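Notes to accompany the following structure.
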Amino acid sequence: MPRSRPMKTRWFSDSEGRGRGLRRDRAEAPAGPLVELRDVSLKFVNYSDKAFTLKRAVLELLLRREREVPNSEFWALRDVNIRIERGERIGVVGSNGAGKSTLLRLLARIYPPTHGTVAVRGSVAPLIEMGAGFNFELSGLDNILLNGAMLGFTRKQMLEKVDAIHEFTGLREFADLPLKYYSSGMYARLAFGVATAIDPEILLVDESLSVGDANFRAKATERIRGLMQRSHAVVLVSHELSSLRDLCDRGLWMHKGRLLADGPIDEVLDAYREATAAAPAAPPPDAAAEAIPAPAGAIG
Amino acid sequence: MDVRNQPAADEAVETFPAPPRARPSQVWGRRLAEDREELTRFWPVVHNMVSQELRVRYQRSFMGFLWTLVNPLLMMFTLSMVFSQLLPMKLGDGGNYTLYILAGMIPWAFMAGSITESSTCIIQAEGLIRKIYVPKLVFPLVRVLINMVTSMLSLVALFLVLVPMGARPSMAMLFLPVAIGLTFAFTLGLSLIVATANTFFRDCGHLVGVFIQAWYFATPIVYPVSQFAEDLQWRFWLNPAFYFVEMFHDVLNSGRMPQLSIVVIAAALAAVSLGIGYAAFKANEDKMVFRL
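Those protein sequences? They're chains A and B, same order as listed. Per the working numbering, the first sequence starts with residue 1, numbered consecutively. Per the working numbering, the second sequence starts with residue 301, numbered consecutively.
In structure tokens form, the structure reads like this:
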């Protein structure tokens with residue numbers, strides 16, 4: 001794909017504007033890494049009152065006083081450097097609150113980075129939260145079309161997929177029923193069916209994708225594996241180490257927003273398991289070293 | 301949750317989006333180009349949202365989509381009853397007072413509705429914004445477009461009542477698309493400003509309603525300008541909405557082309573509003589997700 005201008009400084013996907021021809025790019029030769037994160041940090045600030053009021057803004061402006069120190073700052077990601085090449089299957093591990101989900105959301109363009117740059121080449125399919133953008137007043141079919149539009153498909157392209165989606169979810173007879181009358185299981189199945197109906201270049205999968213009954217779950221797992229095989233790059237977040245070992249070839253270990261380890265999946269998982277088994281509550285050795293203000297850059 | 305709003309001066313270099321090394325004009329040029337690309341890509345989303353919102357609005361009602369037409373008709377009937385029977389006023393240049401009100405009401409309802417709805421559009425789309433990437437420009441645009449469709453239907457309804465009221469189509473009505481376009485641009489700009497402001501300062505939402513109400517009475521919609529003494533009429537020139545409403549008055553009620561000066565000022569106002577609105581929205585777009 002000839003690129004007329006450098007896109008590195010953009011934190012968002014640059015293939016999205018090149019039309020919806022997801023398959024068109026596929027045959028062409030790769031140009032650089034699919035995903036590149038450079039010194040990416042992301043900070044959340046908890047204000048004591050959630051709303052940032054006009055009064056405060058005016059006072060701060062008028063009095064030119066220092067911005068009050070917010071109640072808590074929280075670096076969800078800190079100096080993360082990742083390059084994802086074509087064909088890589090990446091598994092992300094880490095304890096709760098390590099920044100795994102934030103990383104996925106950053107790649108899905110939901111959060112912009114506070115510092116650093118994110119460059120993503122290719123269409124992104126976020127299997128992060130199911131049912132994003134569903135409208136409960138609309139029928140199942142309309143929701144499929146609407147969601148498809150948000151994922152970058154025209155009505156026509158989506159209408160071609162509708163049959164396969166119904167086939168997969170088994171909700172064909174409810175297609176004209178407004179979503180608000182769906183049971184939660186049906187809703188989850190529909191959401192999953194739509195989200196996985198597309199062929200992405202970069203697939204982002206968050207854990208806890210177990211939806212529906214056992215039968216559907218087996219189908220879902222199979223479908224995700226199929227999707228993973230078809231996509232150019234996969235980032236999978238999970239707590240199930242065995243499935244990560246199965247599915248991925250490269251591992252990322254995150255701890256408190258930092259990238260602790262980046263390497264072949266087996267090594268990373270072994271190190272992670274060792275660290276968590278030795279002291280489940282205490283931070284792993286590397287992190288302990290970093291607790292002292294340390295220069296950026298962990299193992300990876 | 302929040303990303304810090306403004307980085308300290310010494311950090312400004314490494315903040316993101318990447319520091320504009322190029323001239324600002326190039327930065328905005330790039331943003332415009334990107335937005336054009338994105339909006340083309342997400343146009344199906346806009347289309348879907350508008351059509352489905354309209355569909356849901358009249359779902360399950362007996363008359364269904366007919367309501368979009370009947371509603372403005374009934375509204376016009378009420379308005380004309382109130383203002384021609386209860387509170388009659390004299391128009392300076394003859395013309396039909398009822399028609400005068402209706403002609404002014406259509407652009408005003410479009411502006412007021414769009415701005416009010418846009419003020420909460422980002423907050424209401426929280427579920428979407430936090431889960432999936434959609435260009436945020438889509439949300440105010442959808443609100444304005446929905447109001448646009450409704451007021452176009454009101455316009456159709458107005459044409460239906462024009463004939464029994466004695467008005468005839470005139471050449472001046474060819475100017476309508478221009479007037480509509482200018483009003484659209486002006487309203488979209490204001491909507492973007494309001495949407496941005498209310499996302500960061502929730503207090504704004506409460507003010508918008510009151511402000512719109514006050515603005516309504518400050519604009520010659522239910523009263524003609526000629527009600528006031530000549531030497532006081534210049535005060536209306538300070539009201540930006542005046543020019544837009546006046547274009548519709550001229551075309552629909554008086555059946556003449558609006559004065560060139562009014563059109564030029566309206567165009568300038570539309571450009572300024574759209575420019576400021578777009579700049580304000582784009583500059584804060586990235587931070588919105590943290591303010592929800």
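The beta-carbon is built from N, C-alpha and C at its ideal position, and this holds for glycine as well. Remember, it's a predicted structure, so these values are computed and weren't measured experimentally.
| Query | Result |
| --- | --- |
| When DSSP labels each residue in this structure, what does residue 256 of chain A get in the three-state scheme? | coil |
| Under 8 Å between C-beta atoms, does residue 433 of chain B make it to chain C? | No chain C appears in this structure, whose protein chains are A and B. |
| Would you list, in sequence order, the uninterrupted beta strand (DSSP E) runs of no fewer than 3 residues that lie entirely inside the region 131-218 of chain A? | 202-205 |
| DSSP state of residue 346 of chain B, grouped into three classes? | helix |
| Output needed in chain order: residues of the region 521-537 of chain B with a Cβ under 8 Å from some Cβ in chain A. | none |
| Counting only the same chain and skipping the five closest in sequence on each side, list residues whose C-beta sits under 8 Å from that of residue 304 of chain A. | One cannot answer for residue 304 of chain A here, as it falls past the ends of chain A, which runs 1 to 300. |
| Can you round the beta-carbon distance between residue 206 of chain A and residue 104 of chain A to whole angstroms, since I take them to be within the 8 Å contact cut? | 6 Å |
| DSSP three-state call for residue 8 of chain A: helix, strand or coil? | Here residue 8 of chain A scores only 38 on pLDDT, less than 50, and its place in the model should not be relied on; the value that follows carries that caveat. Reduced to three states, the DSSP call for residue 8 of chain A is coil. |
| Would you kindly work out how many angstroms separate the C-alpha atoms of residue 442 of chain B and residue 272 of chain A, rounded to a whole number? | 47 Å |
| For residue 154 of chain A, return the contacting residues in chain B, with the cut-off set at a CB-CB distance below 8 Å. | 344 |
| For residue 100 of chain A, count the other beta carbons within 10 Å of its own beta carbon; 16 or more makes it buried, fewer makes it exposed. Which is it? | buried |
| Does the beta carbon of residue 36 of chain A sit closer than 8 Å to a beta carbon anywhere in chain B? | no |
| Quick check: the region 454-461 of chain B against the region 522-542 of chain B, are at least 3 beta-carbon pairs closer than 8 Å? | no |
| Just to confirm the assignment, what range does the alpha helix (DSSP H) spanning residue 572 of chain B have? | 560-584 |
| What are the partner residues of residue 546 of chain B, as DSSP defines its beta bridges? | In the DSSP output, where bridge partners are listed per residue, residue 546 of chain B has none listed. |
| Per DSSP, what kind of secondary structure is residue 129 of chain A in: helix, strand or coil? | coil |
| Show which residues of chain A have a CB atom less than 7 Å away from the CB atom of residue 430 of chain B. | 110 |
| Quick check: is the beta carbon of residue 463 of chain B nearer than 8 Å to any beta carbon in chain A? | no |
| Is residue 408 of chain B buried or exposed, if buried means 16 or more other CB atoms sit within 10 Å of its CB? | buried |
| Please report the Cβ distance between residue 244 of chain A and residue 269 of chain A, rounded to the nearest whole angstrom; I am assuming they are in contact, meaning their Cβ atoms lie under 8 Å. | 7 Å |
| Give me the DSSP bridge partner(s) of residue 45 of chain A. | A:73 |
| For residue 261 of chain A, which beta-bridge partners are listed by DSSP? | A:253 |
| On the three-state DSSP scale, how would you describe residue 224 of chain A? | helix |
| According to DSSP, is residue 87 of chain A helix, strand or coil? | coil |
| Which value, in whole angstroms, describes the spacing of the CA atoms of residue 178 of chain A and residue 191 of chain A? | 14 Å |
| With 16 other CB atoms within 10 Å as the buried threshold, where does residue 578 of chain B fall? | buried |
| With distances taken from CA atoms, which of B:572, B:338, B:543 and B:500 is nearest residue 562 of chain B? | B:543 |
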